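Here is the structure:
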């Protein structure tokens, strides 16, 4: 089935749609949708070539569909790369650029990098809060 026909079937009703505001934007929670906007360009279900970025136990997993995979194969059709939790955005930039250089959806390069950078920042442990400084009468008494 062509991706255009799949989009025509999916665009009106999908279990991944998120409609919060009646006149507002329509979001999507489907796997492979990097920007979470319900559109044909970013749809993870309607496009044959998608890039999926998800947090995993070891860090962040970037998954894409292999070009040589048949339409019937499921698990063996996907290739996955894991970015460690302690690596920075430069490693993510290398992996996002690698897919774009091979001609695999170069339009998703910026979206992939943004999603990976956001997940790396979210997985970092927060800094400890600084000690509270005393103010007013309490500060004068202890001095």
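In the numbering used here, the protein residues as written are 17 to 159.
Virtual Cβ for every residue (Gly too), placed ideally from N, Cα, C.
Just so it is clear, the structure is predicted and the values come from calculations on it, not from any experiment.
Terminal residues of the beta strand (DSSP E) in which residue i lies
i: residue 123; result: That residue, residue 123, is in no beta strand (DSSP E); it is neither H nor E in DSSP.
i: residue 100; result: 94-100
i: residue 81; result: 75-81
i: residue 70; result: 67-71
Given residue i as reference, the closest of the options once Cα atoms are compared
i: residue 112; options: 42, 64, 78, 22; result: 78
i: residue 45; options: 19, 38, 32, 107; result: 32
i: residue 40; options: 53, 30, 28; result: 53
For residue i, three-class secondary structure by DSSP
i: residue 24; result: helix
i: residue 160; result: No answer is possible for residue 160: it lies beyond the span of the chain, which begins at 17 and ends at 159.
i: residue 150; result: coil
i: residue 90; result: coil
i: residue 34; result: strand
i: residue 42; result: coil
Cutoff 6 angstroms; reference residue i; Cβ partners in own chain excluding five residues on either side
i: residue 51; result: 58, 127
Sequence-distant residues of its chain with Cβ nearer than 7 angstroms to residue i (five each side left out)
i: residue 120; result: 65, 80
Anticipated Cβ contact below 8 angstroms, residue i with residue j, distance rounded
i: residue 67; j: residue 48; result: 7 angstroms
Closer than 9 angstroms to chain C by CB, residue i
i: residue 156; result: In the structure shown, chain C cannot be found, because there is only a single protein chain.
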